[in-house]
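Below is one structure; the comments refer to it alone.
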Amino acid sequence: MFHTTATRALTRAVRLPSGILVCRRVLPTHPTIPLATTSGFSTSVPALKKPQKPAKGDHHINASTSDIPVSVDTFDPDEHFAALETELVKIIEKLKDDLSKLRTSRVDPNQFEGVTVMMDKAANETVLLKDIAHVVVKGRNLSVGVYEAGNVKRVFTALQKAEFNITPVIDPKNPNHILMPLPPPTKESRMATVDAASKVGEKANAALRNTRQGSHKRIKSFKGMRQDDMRKADKQLEKIMEKAGVDAKKVTEGAKKAILEA
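UniProt numbering numbers the first residue of the sequence shown as 1 and each following residue consecutively.
This is the structure we're talking about:
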């Protein structure tokens, strides 16, 4: 960047040694004055103003956008209620599983796992039934599945000698399975199982209530929601929970009916 300078010529009389008086041009000694810049813009540096402190209570006025906390936790009704329904399905499935484990018979399949099976009489070698077979309930029978065909006769003999008052028979459809018909349930055993089913149903209902409370609390945590949207979310929550309650009751009552008719 260049400056053009305005100068004003000065003259003064000077006498030479020869006695002749002459005039000499003298340049001024004061600083040069810049007139203009070739760029057309001022070269002066603008004065920087001292930043002012915001007035009390107005700190937010000068805050940058990046300093303002932005809530990214927004309510997505589809995502929220999809997760809720997934949780409710788990509760209903657990209810069904717990009810299926209830039996009107007093016979416990686990008590057969400790039956001693003679493997080699000469060597007096024995094993527990649970090591070579498994026992499950199938309808009105206990089914003993023997892992190896060579051990079926040994397991059959051991069950005959066991003091359970149950007569084993070889399953005609599967020679590796031994069936043991269960004694018919008594009225007392049925009622006891019905009571147990009721307690299982109450436990499921408690889980449903806890899930509803958690969902409602989650909805209320979104402070930026409009009142209309919050009411709609609560209404949808109640609709979903009402259906889940009906499903749980239907499953429990169905199980109790099956127990009484067994």
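In this text, a Cβ means the ideal position worked out from N, Cα and C, and glycines have one as well.
Check: Where the alpha helix (DSSP H) containing PRO181 begins and where it ends; Outcome: That residue, PRO181, is in no alpha helix (DSSP H); its beta strand (DSSP E) goes 177-181.
Check: Minimum Cβ-Cβ distance from VAL127 to chain C less than 9 Å; Outcome: Protein chain content of the structure displayed is limited to a single chain, and chain C is not contained in it.
Check: Alpha-carbon to alpha-carbon, VAL115 and ILE259; Outcome: 29 Å
Check: CA-to-CA distance, ALA82 to THR74, given in whole angstroms; Outcome: 16 Å
Check: Pair within 9 Å by beta-carbon distance, LEU142 and PRO109; Outcome: yes
Check: Euclidean distance between Cα positions of THR86 and ASP76; Outcome: 16 Å
Check: Distance CB(MET118)-CB(THR157) smaller than 9 Å; Outcome: yes
Check: With 16 other Cβ atoms within 10 Å as the buried cut-off, status of ASN169; Outcome: The sequence shown places Val at residue 169, rather than the Asn named in the question. Its Cβ having fewer than 16 others within 10 Å, VAL169 is exposed.
Check: Reference ASP98, options PRO181, ALA123, GLU202, closest by Cα; Outcome: GLU202
Check: Distance between beta carbons of PRO181 and ARG140, contact taken as under 8 Å; Outcome: 6 Å
Check: Among ILE132, GLU253, PHE112, LYS223, the one whose alpha carbon lies nearest that of SER198; Outcome: GLU253
Check: Limits of the unbroken alpha helix (DSSP H) element including ASN141; Outcome: No alpha helix (DSSP H) contains ASN141, which is instead part of the beta strand (DSSP E) from 141-146.
Check: Rounded separation between HIS60 and LYS223 - CA only; Outcome: Because the pLDDT of HIS60 is 43, which lies under 50, any placement of that residue in the model is unreliable, and the number read from its coordinates should be weighed accordingly. Approximately 21 Å between the Cα atoms of the pair.
Check: Which of helix, strand or coil DSSP assigns to LYS121; Outcome: coil
Check: Cut-off 8 Å between Cβ atoms - residues of its own chain near VAL152, not counting five sequence neighbours on either side; Outcome: VAL146, ILE170, PRO175, ASN176, ILE178
Check: Exposure of residue 267, with buried meaning 16 or more beta-carbon neighbours within 10 Å; Outcome: Lying outside 1 to 262, the shown extent of the chain, residue 267 is not represented and no answer is given.
Check: Sequence-distant residues of the same chain with beta carbon closer than 8 Å to GLN236, five excluded per side; Outcome: PRO77, PHE81
Check: Three-state secondary structure assigned by DSSP to THR157; Outcome: helix
Check: Buried or exposed by the 16-neighbour rule on C-beta atoms within 10 Å, applied to VAL136; Outcome: exposed
Check: ASP131 versus GLN213: straight-line alpha-carbon distance, rounded; Outcome: 47 Å
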